[in-house]
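Student: Below is the structure I would like to discuss, written out as structure tokens.
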Amino acid sequence: IPQELSGEHIKQAASESVRAGVGIRDRVHDLTLEALRSRRFDPRGVREVVRAVSEGIALGAESSRTELRQSLADAFRGLDEALRKSAEAGGSALRQLVATGRGFTDGELKVALASIKRIEDDFLATVGRVADAAGAQVQPELRKILDEARRSGTETGRQIASTLTEFAQRVSVASLDLTLAGLEAAGEFGVRFAMLASGVLGGIADALRRPESEQPEKKSP
6 IPQELSGEHI KQAASESVRA GVGIRDRVHD LTLEALRSRR FDPRGVREVV RAVSEGIALG
66 AESSRTELRQ SLADAFRGLD EALRKSAEAG GSALRQLVAT GRGFTDGELK VALASIKRIE
126 DDFLATVGRV ADAAGAQVQP ELRKILDEAR RSGTETGRQI ASTLTEFAQR VSVASLDLTL
186 AGLEAAGEFG VRFAMLASGV LGGIADALRR PESEQPEKKS P
């Protein structure tokens, strides 16, 4: 696992990305992905990253070189897209574990799915708390963006819904909320799942950082 980025480092980097006013969406996306891969794949790790990035976004938007609403919207989309990839990595890890044929209980499967399901809930709740604490200029604009995301849905939420649908035959989605209390005591399976998901996410981050010259060559038709 890469060295963990501190919350303060993430916040400062997010703030600078927004303040610069150029390529905000991509810069916030890449920073979030890098921060997520340096933490364990669990609700607590995701919350820490979302809080630090959101606080940085709110701080940077106050003095951004781009229009305030546009800066916040671009940054929010970058954060959402990175969390979508995080949810995608969780689904991929779970698929790999199922494919190995090693038996695990429905309870363990629920723990893994519950941790994926919780990503969007924690994402929106955390940004909401940051909006509440933001300055007078940022607060109303960030709340509008958040209201719109709750209304129309997020990329993260769509990815999670797809994963939950895939496993719906094995586990009732309604039962997942009851599993959240057991997330911290997930045992050996939880650790295996978290490590595998972190590895998948690391692979996604590495592929995005690779220069084009090193990307796999596209065969000509």
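So the mapping is simple: my numbering equals the position in the sequence shown, first residue as 1, plus 5. Ideal Cβ positions, reconstructed from N, Cα and C, are used throughout, including at glycine. Quick caveat, the model's predicted, so the values are computed rather than measured.
#1: From ALA92, ALA25 and VAL55, pick the residue whose C-alpha is nearest to that of GLU4; which is it?
#2: For the candidate residues LYS122, VAL51, SER20 and GLU146, whose alpha-carbon lies nearest to that of ALA87?
#3: Taking only three categories from DSSP, how would you classify GLN101?
#4: Is it the case that the Cβ atoms of SER68 and ARG100 are separated by a distance below 8 Å?
#5: Candidates ASP47, LEU64 and ARG89: which alpha carbon is nearest GLY298's?
#6: Report, in whole angstroms, the separation of the C-beta atoms of ASP79 and ILE29, which I expect to be a contact under 8 Å.
#7: Report yes if the CB atom of ASP111 is closer than 8 Å to the CB atom of ARG70, and no otherwise.
#8: Quick check on GLY208: buried or exposed, where buried means 16 or more other Cβ atoms within 10 Å of its Cβ?
#9: Apart from the five residues just before and just after ALA190, which ones in its own chain have a Cβ nearer than 7 Å to its Cβ?
#10: Give me the residue from GLY96, LYS122 and LEU84 with the minimum Cα distance to THR37.
#11: In the DSSP assignment, find the alpha helix (DSSP H) that holds ASP59 and state where it starts and stops.
#12: By the three-class DSSP mapping on this structure, what secondary structure does SER167 have?
#13: Looking only at its own chain, which residues have a Cβ that is under 7 Å from the Cβ of SER225, when we skip the five neighbours before and after it?
Tutor: This is what the structure holds:
#1: Residue 4 is absent from the structure shown; the chain starts at 6 and stops at 226.
#2: Looking at the Cα atoms, VAL51 is the closest of the given residues.
#3: helix
#4: no
#5: The structure shown does not extend to residue 298, since the chain is modelled only from 6 to 226, so the question has no answer here.
#6: 4 Å
#7: no
#8: exposed
#9: Note on ALA190: pLDDT 48, under 50, position unreliable in the model; no value is reported.
#10: It is LEU84 whose Cα lies nearest to the Cα of THR37.
#11: Reading off the sequence shown, one finds Ser at residue 59, where the question assumed Asp. Run containing SER59: 48-66, per the alpha helix (DSSP H) assignment.
#12: Reduced to three states, the DSSP call for SER167 is helix.
#13: Summary for SER225: the model assigns pLDDT 41, below 50, so the residue's position carries little reliability, and this model does not support an answer.
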